[in-house]
Structures are given as structure tokens and as C-alpha cells.
Amino acid sequence: MVFECGEWSTVCPFRIFSFASVLLFERTLGLGFRIPFGPGVRWWRKLNWRRVCFAGRKAGNFSEHSVLDLGVILFCCFIRLMGCGLISSMVQIVLWAVMYKVNEQIRDTIGRVPYTPMGSSVSIKSLLELLLPQNAVDKPIAREIKDFCLCCSALASSEGVESPSVYWIPKDLSLLARSVLGEFFFACIISTEHEMVAELMAEVLPELKAVVKETCIDPDNEEFVSRVVYPHLGTMCSLIMPCALTMLDHWSPEVKEQGMLALTHLGKNVIAAELGWYEEAILDACCRNLPASDELWPCVVEVSVLMLVCTQRKNPRSSWFDQILNEMLSHLERQPYNRQRRIAWLQHIEPVISAMGLVILMHFHRIFPLFFQWLHFEDDETVILVLERIHTILKLTWVSKSPFVERLLEELILLYKEVETRANREAIQRCTLDILILLRKCKGLQFELLWSKHKDDPQLEKLVSSLSSEALISQEITRNI
């Protein structure tokens with residue numbers, strides 16, 4: 001027998017039983033007894049019944065006798081759960097109440113949004129509406145909760161995204177979905193939202209993987225995965241990895257991007273040991289996706305660097321460093337004037353350089369020609385990033401036995417003269433000076449011999465003075481030590 005919300009508060013016989021049930025549950029939890037409900041036991045231990053009452057009253061707008069009203073809800077839902085065979089997790093009761101409270105609001109908001117699919121017979125809007133609870137469709141409560149969370153996740157992930165699948169979702173609908181997910185986290189009465197999402201991911205991701213194999217629609221994985229962080233995410237690797245790797249192999253750039261974003265979040269929130277079984281597959285997928293479009297290149301570089309460093313940090317001579325770095329350099333050599341590619345690479349490559357250490361010497365013959373070319377572009381951001389990467393390489397390698405020392409000095413001096421009229425002149429000249437100071441420490445007499453050719457250049461008067469001052473300070477520090 002199913003009661004409507006309005007009928008619950010008038011069913012007196014059930015009030016007495018349900019009130020006793022709530023007190024019994026609270027007393028049992030307070031004594032720390034184990035309730036024999038299998039996997040759902042851990043949810044019982046985390047429940048805070050004062051918050052349950054509050055959540056229940058919010059969900060149904062009940063009278064001041066909220067404990068009694070909640071008891072009726074618990075009892076009726078308890079019967080419903082028993083009939084569905086889902087008694088293992090009583091937290092579903094509260095989620096169900098919250099879900100039905102906001103369901104119509106979300107459905108009405110989606111219904112008012114104009115949407116015409118472009119170049120496709122598939123309506124994303126209709127698919128999302130089908131995920132919302134419907135009175136005419138009898139679904140298990142766990143299925144309703146899962147579909148509802150996936151719908152809210154898709155809506156919430158649209159904020160700030162210019163994807164053809166979600167561009168039509170207005171900001172207020174995205175914010176509403178986020179607030180609904182927040183209510184779900186509150187209603188779950190658990191320590192963090194990450195734990196709830198981790199529980200739901202076990203249900204959602206396997207189905208999402210199957211969908212990705214068939215179509216490019218609904219790449220909601222990134223929003224759902226990004227709500228779980230360390231230490232909860234490590235235990236979900238076996239669920240996330242197959243789904244994310246399937247997305248990387250998809251033909252649609254939109255789906256590929258979502259897979260990369262999910263892997264990026266994963267790399268930032270798990271330890272290397274948790275990726276151990278998947279590192280070869282991940283790095284191979286990253287390498288295969290490097291020939292990506294300009295739009296995907298920043299994501300590909302970021303996830304490749306992150307996963308490479310995370311899994312191979314302790315082995316700088318790993319063949320994966322050579323393979324991925326050479327693949328990146330090949331694309332940059334073919335398109336050195338592509339600003340989007342070079343900026344993304346220069347911004348993200350620092351961890352790889354640091355992890356490789358002296359081994360980066362093997363790639364000087366490909367890296368420095370690109371650096372020398374980029375140093376003279378009329379793009380201050382590129383120039384500053386190149387100078388920062390050169391400084392890092394000098395610190396790690398001291399350009400040992402390198403034929404590029406003389407060329408590097410000449411290029412830096414030329415750059416110092418070129419930037420006199422630029423807006424970021426001071427920042428560029430400061431970076432140049434820092435590199436020259438480090439180069440002097442690295443090469444000693446070789447640097448002095450090469451530098452002597454430029455000491456009398458009137459355009460370098462300020463640079464000569466700065467270098468001399470730094471040399472005197474260095475000598476004074478050494479003497480005091």
C-alpha cells in the first residue's frame with residue numbers, strides 16, 4: 001500500500017509504530033549495536049538523526065511534530081524498500097524524500113528552456129528529462145536516485161562549458177542542479193560529499209562506459225568524478241579507469257576531452273601505487289592522443305604530463321619519458337608558430353623536466369632550437385615561459401658538456417636588446433639576468449671568455465652593471481662563509 005505525502009500525517013496507527021521505530025533506531029545506534037543489514041550497516045553508523053529529522057521536515061513541509069511525521073515516512077518507505085529488496089541502505093529513504101521535493105522544480109525549469117538539437121536527431125534535453133522520476137514509470141528507488149543524480153551531474157557540469165551537448169543549459173539551471181546535489185549530500189548525513197558520490201559511482205560508471213561505446217552523447221563523467229577527491233578516489237580506480245580510457249579512444253573530441261579531464265582529476269587525487277595496474281594503458285592512450293586538434297592539445301599535454309610524472313617519477317630513464325616527450329616535440333617542430341600549442345606545452349612541461357633531471361640532456365638537440373626560435377617571437381608570454389624553462393634546465397643540468405652554451409649566451413644578449421620597447425621589458429630582462437647569473441656559476445671561465453666580447457656594448461651597459469654587482473655580492477657571501 002502506497003501513501004501520498006498528504007496522507008502520511010493523518011495515518012495515526014502508523015504514527016505510534018513509526019515513532020517507536022525511530023526511537024529504537026536511535027537507541028540502537030547510540031549503544032553501538034550492529035544492525036544486520038549487510039553492506040548498508042556503515043550508513044547506519046554515520047546517520048545523525050537530528051539532521052535526518054531536519055531534512056525530512058524540509059522535504060515535506062511537515063508540522064512541528066516532525067519526529068512523528070518522519071517516523072511515518074520511514075515506516076512507509078521501509079515497507080516500500082522491503083518490497084523492492086533494497087533494505088540494505090536506509091539512507092535511500094531520505095534521498096528519495098529530497099528527490100521528490102525538487103523533482104518538479106527541475107522538470108519545470110528544463111521544460112521552459114528552448115532547445116533545438118543542431119545536426120542531430122537525438123535530443124539531449126529529452127534524455128535528461130527521462131532521467132527524472134516520473135509517476136507513470138515504476139522504477140526501483142535505487143534506480144530513481146541513480147538516474148536523478150546523473151541528470152543533476154550533467155546539468156551542473158554545463159557551467160562555463162561551451163559544448164554542443166550542454167550549451168543550451170542556462171546558468172540558473174546549472175546552479176539549481178548544484179544546489180540539489182548539495183542537498184543530497186546534506187541529506188545523506190555523511191561526513192563529506194565525496195563519500196556519497198563514491199557510493200553512487202559504483203552504479204553509474206559501468207553504465208556510462210557502455211553508453212560511451214555506442215554514442216558520443218552525455219559525457220557527464222568529469223563532473224561526477226571531480227566530486228570525489230583523495231583519499232576516497234583511490235578505491236574507485238577500477239571503476240573510473242575503464243570508463244575514462246574508453247572515452248579517450250572515442251572518435252568524438254567532446255567525449256575525449258571529458259575523459260582527459262576525468263584522468264587529470266584522478267592523477268591529482270591518487271597515489272602512484274593506485275594507478276599501478278593501469279599505468280601502461282594510460283600512458284599508451286596519452287601518447288596516441290597527442291596528435292590531437294588545437295582545442296584538445298592543452299588537455300592532452302596536461303594529462304600526459306600529470307600521468308607520466310605520477311607513474312614514472314622514480315625512474316627518469318623510463319622509455320615513456322622519451323616516447324611522450326619526443327612525440328610532443330615532433331608536433332611542436334611541425335607547428336612552431338602555433339601559439340596555443342607552444343603556450344600549453346611550456347606551461348605544463350616543467351614537472352617532466354624536473355622528473356627527468358640530467359636525462360633531459362639527451363633532448364637538448366631538439367629542445368634548444370625551439371627555445372631559441374621562440375625567444376624572439378613578439379609574444380611576451382611565450383618569451384617569459386621559455387626563459388623560465390631554460391632557468392629550470394640550467395639548475396638541473398648545469399648544461400654539462402653542451403654545445404649550446406655559446407649559442408644560448410648570444411640569444412639571451414640579443415633578446416635583452418630587442419625587448420627595450422616592450423611593455424613587459426622589466427620582467428623579461430630580469431629573467432634574462434637570472435639566467436646569465438646562473439650560467440656564470442655553471443660555466444665559470446668559459447662564460448667569462450664569451451662574456452668579454454660584449455662588455456663594451458653600450459646597449460648592454462645596464463646588464464653589465466647588474467652582472468658585476470651580482471658577482472661582487474656572490475664573492476662577499478663566499479668570503480663570509
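The sequence shown maps to residues 1 to 481 in the UniProt record's numbering.
Every residue gets a Cβ at the ideal spot worked out from N, C-alpha and C, and that includes glycine.
Note that the coordinates shown come from a computational prediction; the quantities given were computed from them, not determined experimentally.
Judged by beta-carbon spacing, E129 lies beyond the 8 Å limit of M99, meaning their Cβ atoms are not closer than that value. In the structure shown, the three-state DSSP call for F377 is coil. By the 16-neighbour rule on beta-carbons within 10 angstroms, Y278 is buried. In the same chain as E411, and ignoring 5 residues on each side of it, the C-beta atoms closer than 6 Å to its own belong to F372, L375, in chain order. Restricting attention to R407, E461, C442, S400, the CA atom closest to the CA of K417 is found in E461.
In this structure, DSSP gives W297 a helical state, which the three-state scheme calls helix. Judged by DSSP in its simplified three-state form, F404 adopts coil rather than helix or strand. Cβ contact annotation for Q340 (same chain, cutoff 8 Å, sequence separation greater than five): D294, W297, P298, in chain order. In this model, T421 and Q323 are separated by some 41 Å (Cα to Cα). In the three-state DSSP reduction, G444 falls in the coil class, being neither helix nor strand. Contact between V383 and I428 holds, since their C-beta atoms are separated by about 6 Å, short of 8 Å. For N289, the enclosing alpha helix (DSSP H) stretches over residues 279 to 289. Taking L361 as the centre and dropping the five residues before and after it, the same chain places the C-beta of T397 closer than 6 Å to its C-beta, in chain order. Under the three-state reduction of DSSP, L266 is assigned to helix. For the stretch 132 to 156, the continuous alpha helix (DSSP H) assignments of 4+ residues that do not extend past its boundaries occur at 141 to 156, in sequence order.
Assigned with DSSP and collapsed to three states, A427 falls in helix.
Secondary structure of H348 (DSSP, three-state): helix.
Check the Cα spacing between A262 and each of W251, P369, V300: the tightest is with V300. In the assembly as shown, P133 is a buried residue. Its beta-carbon has 16 or more other beta-carbons within 10 Å. The beta-carbon separation of I435 and H391, rounded to 5 Å, stays under the 8 Å limit for a contact.
DSSP places Q335 outside both helix and strand once states are collapsed to three, so it counts as coil. Around W96, the same chain offers I141 as residues with beta carbons nearer than 6 Å, after the five sequence neighbours per side are excluded.
The C-alpha of I367 is placed about 13 Å away from the C-alpha of R334.
Using a 10 angstroms sphere on the CB of V303, the tally of other CB atoms reaches 16 or more, which defines it as buried. Distance between R389 and N315, taken at the CA atoms: about 21 Å. In the three-state reduction of the DSSP assignment, T392 falls in the helix class. Judged by their CB atoms, E274 and C243 are not nearer to each other than the 8 Å cut-off. Proximity to R317 across H331, A285, S354, L155 peaks at S354, based on C-alpha coordinates. Rounded to whole angstroms, I413 and P291 show a C-alpha spacing of 35 Å. Taking N326 as the centre and dropping the five residues before and after it, the same chain places the C-beta of H363, R366 closer than 8 Å to its C-beta, in chain order.
Closest option to E257, judged by alpha-carbon separation, among L370, C286, L439: C286. Cβ-Cβ separation between A156 and L181: approximately 6 Å, consistent with a contact (criterion under 8 Å). Comparing alpha carbon positions, the residue from K453, L370, E104, I110 closest to I343 is L370. Burial check for D147: the Cβ neighbour count within 10 Å reaches 16 or more, so the residue is buried. Per the coordinates, the alpha-carbon of L463 lies some 32 Å from the alpha-carbon of L332. N269 and E448 have their C-alpha atoms some 47 Å from each other.
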